[in-house]
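Beneath this line is the structure, given in structure tokens, with notes to follow.
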Amino acid sequence: QDDFDRLFSEVLARQGLAAIPIMLQSPETGLVLKGYEFTLLNGSTVKNGPGLVLQHGWHSNVSSWIHYLKPAILSGYRPHGWNWRGHGWGVEKPVLGLGNRSYVENAKPGDYSPERMIEDAELIQKEMLHRTVKFFYAGH
């Protein structure tokens, strides 16, 4: 478990939440995106509710949604979150100006264009369609 996961798990636990890591790899680029499915700390989750993808904005990370997770679960949604390439903590090749804060493996430096973000969103969409029949996508 890396530093981001450890710290994120501690913060989630204080909110009565837990995160199940999800790794997605693009078949075209080999890029690995790390995401999470969020549940209540006691392990209960919404089995048949719609998925809810919570996507953070530029120069942020998935933890920016922490205060929305429990209300989403209690409202019947299955929240998921991913860090955009070059965002988050833990690996090299961050978005320019973010020091060593990155959570994308195998990304090429500077490969953070809108076109790449759309490719990542499409990869997330395909994963969500495997997990649930219906999902919503929210971002800031």
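Everything in the sequence shown is counted per this note's numbering, starting at 27 for the first residue and increasing by one. Beta carbons are placed, not taken as given, at the ideal position from N, Cα and C, and that holds for glycine.
Euclidean distance between Cα positions of V88 and Y103: 17 Å
Cβ neighbour criterion (16 or more within 10 Å) applied to E153: buried
Local conformation of V37 per DSSP, three classes: helix
Alpha helix (DSSP H) segments (min. 4 residues) lying fully within the segment 69 to 109: 92 to 100
Own chain residues within Cβ distance below 8 Å of P53, not counting five before or after: none
Through-space distance from I48 to R142, alpha-carbon basis: 20 Å
Same chain, Cβ closer than 7 Å to F161, five either side skipped, listed in chain order: P76, G77, L78, V79 and M154
E54: first and last residue of the uninterrupted alpha helix (DSSP H) it sits in: Run containing E54: none; DSSP gives neither H nor E here.
Rounded straight-line distance, which links the Cα of D31 to that of E118: For E118, the predicted structure reports a pLDDT of 43, less than 50, and the residue's modelled location is therefore unreliable. A value from the coordinates is still provided. Approximately 16 Å between the Cα atoms of the pair.
Where the alpha helix (DSSP H) through H166 begins and ends: Careful: H166 lies outside any alpha helix (DSSP H) and carries neither H nor E.
Host alpha helix (DSSP H) of L149 (start-end): P140 to R157
Proximity below 7 Å, CB of L67 to CB of A44: yes
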